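These notes are about the structure you will find just below.
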Amino acid sequence: MSEQANIVQLLAKQQEQFAQQQELLNKLTQIIAGQQGVYTVSSSVPGGESSVAKAHLMESLANSMTDFHYEPDSGLLFESWYNRFRHIFEREASALDDADKVGLLWRKMSNHIHECFKNFVLPKQPQNLSLADTIKNLTCLFGRTETQVSLRYNCLQTTKKESEDFKEYASRVSLQCELFKLGDLTTDQFKCFIIGLKTSQDSDKKVTQP
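Each residue of the sequence shown is one higher than the last, beginning at 741 in my numbering.
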């Protein structure tokens, strides 16, 4: 089985685990709401039941997510990671304020990633950024290293490997077509793209016609 097929299989198992964990989180939220009457979480409260409830909620949410590892060659990008756990930040963590959501996000990042991010956003400090700005910068910093032209060229060169079955191949084709971003391609861009593939400098990448 190919490396990409292993990744797809792993993601499917994780999605199943996340569904079970989400159900447990919903029950936990209901229990906390019943204990407190009105379920509110505020970082401005230095102690008491609200602070304890927030700590339990953040711990549960953090445990429901895998750590982020940046491996662009294997398709492990921040955007892909965040899309898998977006529902946690938008729904399960809705009782947390923006600063707590940022803190929750950083629980799943390594020291190396945090250091790269801190240097990337200078002179700003990571703790002073909103969740939206943090996500935007992480997506930029830990995204794909290939250009859009390269992604589109690779899509057109996709062929089935001998070691692949048709399901694996269909999955890879689907991914390549999404990366192509056909909906964003204008007529003029497509013309330039085709012409560019036929220049002498790209003779090894020519698209031959019958």
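Just so you know, even glycine gets a beta-carbon here, dropped at the ideal spot from N, CA and C.
What you are looking at is a predicted structure, and each value in this text was computed from that prediction instead of being measured.
Where does residue i sit, in a helix, a strand or coil, going by DSSP?
{"i": "Glu756", "result": "helix"}
{"i": "Glu811", "result": "strand"}
{"i": "Gln761", "result": "helix"}
{"i": "Thr926", "result": "coil"}
{"i": "Lys900", "result": "coil"}
Which value, in whole angstroms, describes the spacing of the CA atoms of residue i and residue j?
{"i": "Cys856", "j": "Ser804", "result": "25 Å"}
{"i": "Ser782", "j": "Cys880", "result": "Because the pLDDT at Ser782 is just 44, under 50, the model does not fix this residue reliably, and the value given afterwards should be weighed accordingly. Roughly 30 Å between the two C-alpha positions."}
{"i": "Leu844", "j": "Thr927", "result": "43 Å"}
{"i": "Glu799", "j": "Glu763", "result": "15 Å"}
{"i": "Arg912", "j": "Glu819", "result": "18 Å"}
{"i": "Thr780", "j": "Leu797", "result": "Below a pLDDT of 50, predicted positions are generally treated as unreliable, and Thr780, at 46, falls in that range; the measurement from the model is reported next regardless. So the two alpha carbons sit approximately 11 Å from each other."}
{"i": "Asn823", "j": "Phe829", "result": "10 Å"}
{"i": "Leu816", "j": "Leu836", "result": "27 Å"}
{"i": "Asn868", "j": "Val842", "result": "10 Å"}
In the DSSP assignment, find the unbroken alpha helix (DSSP H) run with residue i in it and report its ends.
{"i": "Val842", "result": "838–846"}
{"i": "Asp873", "result": "871–881"}
{"i": "Glu819", "result": "818–827"}
{"i": "Asn859", "result": "851–860"}
Is it buried or exposed, residue i, if we count other Cβ atoms within 10 angstroms and call 16 or more buried?
{"i": "Asp736", "result": "As shown, the chain starts at 741 and ends at 950. That puts residue 736 outside it, with no answer to give."}
{"i": "Glu956", "result": "What the structure shows of the chain is the stretch from 741 to 950, and residue 956 is not part of that stretch, so it cannot be assessed."}
{"i": "Thr899", "result": "exposed"}
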